[in-house]
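Structure first, then comments.
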Amino acid sequence: MNKKIIVLMALMGFAFSCTSQSTKTVTKKKSKQPNVIVIITDDQGYGDLGAHGNTLVKTPALDEFHDESVRLTDFHVGPTCAPSRSGLMTGRYANRVGVWHTIGGVSILREDEVTMAEVFQENGYETAMFGKWHLGDTYPSRPQDKGFEYTITHGGGGVGQTPDYWDNDYFDDTYFKNGVPTKYEGYCTDVWFDEAIDYIETHKDQPFFTYISTNAPHLPYNVPEDYYNQYKDLDIPEFQKIFYGMITNVDDNFAKLQKKLEDLNIADNTIVIFMTDNGTASGYKKVKGQLYGYNAGMKGTKNSEYEGGHRVPFFIKYPEKNIEGGRDVKALTAHLDILPTLATLCDLELPERQKEIDGSDISALLLGEKDSIGRDYLITDSQRVQSPIKWRKSAVMSDKMRLVNGKELYDVSKDPGQEHDLAAQFPEKVEQMRGYYNEWWSSVSTEFNQFPIIVLGSDQQNPIELTCHDTHVHDSKIPWNQNYIREAQKNPIGGEFTVAFEQSGTYTIELSRWPFEADLAINAAVEGKEGTISTEAIAAGRTMNFKSGGVKIGAWEQTKAITKDAKVISFTGNFTKGETDMSAWFTTDKDEDWGAFYMRVTRVSKDFSLID
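Residues -20 to -1, 1 to 592 (mature numbering (1 follows the signal peptide of the UniProt record, and there is no 0)) make up the sequence shown, in order.
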C-alpha cells in the first residue's frame, strides 16, 4: 500500500541560533527551467466558478483557463485557510507541521519545516509572494524566513485581522514589504497582482517562483463598487453580491496576469496553477430558510468534513510540456502533491533536511502518461482547537469512498451529495478505512505537544511584536479581528505564548491595548467607520478602565500601574537563552483581568548590565 505513513523516531531539537536556512543558492542551473506561478484564492469554493456550473458568478478569464488547462477534478485541501496553506507549502499534513487551526498559536509553521519556496530558492530560483501567508507573523515563520526573497503581505489570516496593520480595510492600505510597513494605493487584490506582475516583468530572464495568495473573497466583504454593481440587481443576499464581486475582481486580475505572460513571451515556459484553499464561505448559504448560491451538488462548505468543505478547483497549464488542452485528471489528488510534483516538473533537488513528504508526485498524471498513481487513501480534517481530537471533523478518502468522522460511509461516485450512509452495508470497508486513519493518527500525533515557537531577541526581528491572535487559549474565543480589539472583547488570563529567547540579555516588554502604530492611549476610545453599499462597517472602540498591567515569563513576573493617558506600559528584565511560556494582561478598576492584546519585546543588551 502506498500509505505514505511516517512514524517519527526522534523529535528534532529547537535550534536557538535560528538563522534562516533559506540562504539563496548562488550557482544557477545552466538551462532555463520553467517559471512557476501559484495563485490561491481564499474561501472560494468549487462551485464559485462559471466553468463549474455557476450561472451567476462572472469568471470569464478563469473559465477560459479551465478550458485550456489540465484539471484535477477530485482535488482536496484542508477545510480551512492556514491548514491548507501549510500542506501546500510543505507537502506534509497540517497536523504534522503544527498548523491545525487558523489562530491560537497553532497557525504558525514550525521552524524546521521546509517550504516550497525554500526548495525553489535553493535550486537557483527567484522567489516572491504577494498577499496572504497565514503561517506566522513572527520570526522564524514569516515568509521571508521560509524561502521568499521578496514579500508583500498582510498580517494574520486576512486584511483587518489582529496582526494586520491598524485600520486596513482593503483600500489604500499599509502592507508589509519584506517585513517593513509600506503604504499602497488601490484595492488589495489589485495590489497583489500589480506588484506580482511588476516582479515578473523584472525577473522574466531568470527562473522565478511567484506565489499570489489573495485574501479575497474572505470576509470582511469589501469590494470596489463597480464590481458590486455587476450583481446588485440579482435576487441574492447583499453579502453574496459582494462575495461574487470580489471573485470577479480576482478574475479580471487573472486576465491581466495572463496577458502579461503573453506580452513578455514567457507563457509557454511558465507553469501557472489556479486553486483555492477550502470550500466556499458565502457562495452557498441559507438565509431566513431560503438557500442561495451553488455548490456543484456537494454537501458542506468551508470548515466541513463533507466534500464541499475540502474539494476545490485545481487548474494547471504548462504549454512547453503539453500540460494543457482542457483535459480532466480524475484520480484522487491533494495539495500535498504539489511540492513533489513541481520538483519533478522543474528538475528540483530536495534539500537533505527535507522531512518525509506525505504527498505524491503526480506529474505522470498531468503529462498524460498514467491514469493512476496507485494511491490508497488521503485524509483531511478540521480541528480548530488547541489540541487535536481524534476523528474530529475528519474524512478518509479513496477514489470513490469517503469515511466521515470514522462512522459514515459514502460512495461519492454515485452519491456526490453524500446523502446515503453505507456504513451498515459495508462494515469491512469501514474497518479498513478506520485502520488507515489509526495508523495516520499515530504518525501525525507524535508532536502534538510541541507548539510552534516564536523567537525573541533574534537579529532577524528585533524588536518583535506579538498579538493575542497567537496566544494558546483553551475553550475561549480569541480576539483575532481588529473589531474585537476595538470592542475590547475579553481575552482570558490563561492565554500564553510559546517563546524562546535566542540570546541571553536584557529585554524590554511593552504592553498595549492597541497596535503600536495606532499611537493611542490604552484606555482611549476610537471612532468607527460607517459601511457603504460595498463595504462593511468598522466598529467603534470603547473606553476601558484598565488600572494596571502585568507580564509573566517563566517564573519571572512583574506588574505596573497604568498612568493617565499612557499608551504603553513597559517592563525590563534579564532573561537567559531558552524556551519558555509568556503571558501578559491588564487589570480593570474592578480587579478583572483581561489578556493584553499587543506586546513588543526588544533585546536592548547582550549582557545583564542594565539591571541592578
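We put the beta carbon where it would ideally sit given N, CA and C, even for glycine.
- Out of 19, 376, 73, 516, the CA that lies nearest to the CA of residue 340 is found in 73.
- In the DSSP assignment, residue 219 falls within the alpha helix (DSSP H) that extends over 218 to 243.
- DSSP places residue 161 inside the beta strand (DSSP E), whose first and last residues are 160 to 163.
- Inclusion of residue 320 and residue 102 in the CB contact set at 7 Å is not warranted, their separation being larger than that value.
- Distance from the CA of residue 20 to the CA of residue 177, rounded to the nearest whole angstrom, comes to 16 Å.
- Residue 197 counts as buried, since at least 16 other C-beta atoms from the protein chains shown sit within 10 angstroms of its C-beta.
- Boundaries for residue 318: no beta strand (DSSP E) harbours it, while the alpha helix (DSSP H) harbouring it runs 318 to 325, taken from the DSSP string.
- At least 7 Å separates the beta-carbon of residue 248 from that of residue 39.
- Judged by DSSP secondary structure, residue 207 falls outside any beta strand (DSSP E) and instead within the alpha helix (DSSP H) spanning 205 to 209.
- Within the same chain, and ignoring the five residues on either side of residue 564 in sequence, the residues whose Cβ sits closer than 8 Å to its Cβ are 489, 491, 529, 530, 531, 532, 575, 576, 579.
- The beta carbons of residue 175 and residue 222 sit no closer together than 7 Å.
- For residue 70, the uninterrupted alpha helix (DSSP H) segment begins and ends at 61 to 70.
- Straight-line measurement puts the Cα of residue 202 at about 11 Å from the Cα of residue 518.
- Here the alpha carbons of residue 424 and residue 77 stand approximately 8 Å from one another.
- Between the region 404 to 415 and the region 45 to 60, the count of Cβ pairs shorter than 8 Å is below three; the stretches do not touch.
- Non-local beta-carbon contacts of residue 35 in its own chain, meaning distances under 8 Å to residues more than five positions away in sequence, involve 274 in chain order.
- In the pairwise beta carbon analysis, the region 308 to 315 is classified as touching the region 348 to 361: at least three pairs are separated by under 8 Å.
- Taking a 10 Å sphere around the C-beta of residue 126, we find 16 or more other C-beta atoms and assign the residue as buried.
- Per DSSP, residue 173 lies in no beta strand (DSSP E) segment; the continuous alpha helix (DSSP H) that holds it begins and ends at 168 to 182.
- Residue 420: member of the alpha helix (DSSP H) spanning 407 to 424, first to last residue.
- Taking C-beta separations shorter than 7 Å and ignoring five residues to either side along the sequence, the partners of residue 143 in its chain run 117, 135, 136, 447, 449, following chain order.
- Counting along the chain, residue 342 sits inside no alpha helix (DSSP H), nor does DSSP assign it H or E at all.
- Per DSSP, the unbroken alpha helix (DSSP H) holding residue 96 starts and ends at 96 to 102.
- DSSP places residue 304 outside both helix and strand once states are collapsed to three, so it counts as coil.
- Between the alpha carbons of residue 451 and residue 476 lies a distance of about 5 Å.
- In the DSSP assignment, residue 464 falls within the unbroken alpha helix (DSSP H) covering 462 to 467.
- Going by C-alpha positions, residue 418 is about 31 Å away from residue 434.
- Residue pairing from DSSP places residue 309 in a beta bridge opposite 52.
- Here the region 212 to 219 does not lie against the region 234 to 242, with fewer than 3 beta-carbon pairs under 8 Å apart.
- Note that the C-beta distance between residue 61 and residue 114 is below 7 Å.
- Checking the DSSP bridge columns, you'll see residue 559 partnered with 480.
- Taking a C-beta distance under 7 Å as the contact criterion, residue 27 and residue 375 do not qualify as a contact pair.
- One alpha carbon belongs to residue 253, the other to residue 180, and they sit about 15 Å apart.
- A buried status is given to residue 466, since no fewer than 16 other beta-carbon atoms sit within 10 Å of its beta-carbon.
- Taking 8 Å as the upper bound for CB-CB distance, residue 25 and residue 288 are in contact here, some 7 Å apart.
- In this structure, the alpha-carbon of residue 453 lies about 12 Å from that of residue 364.
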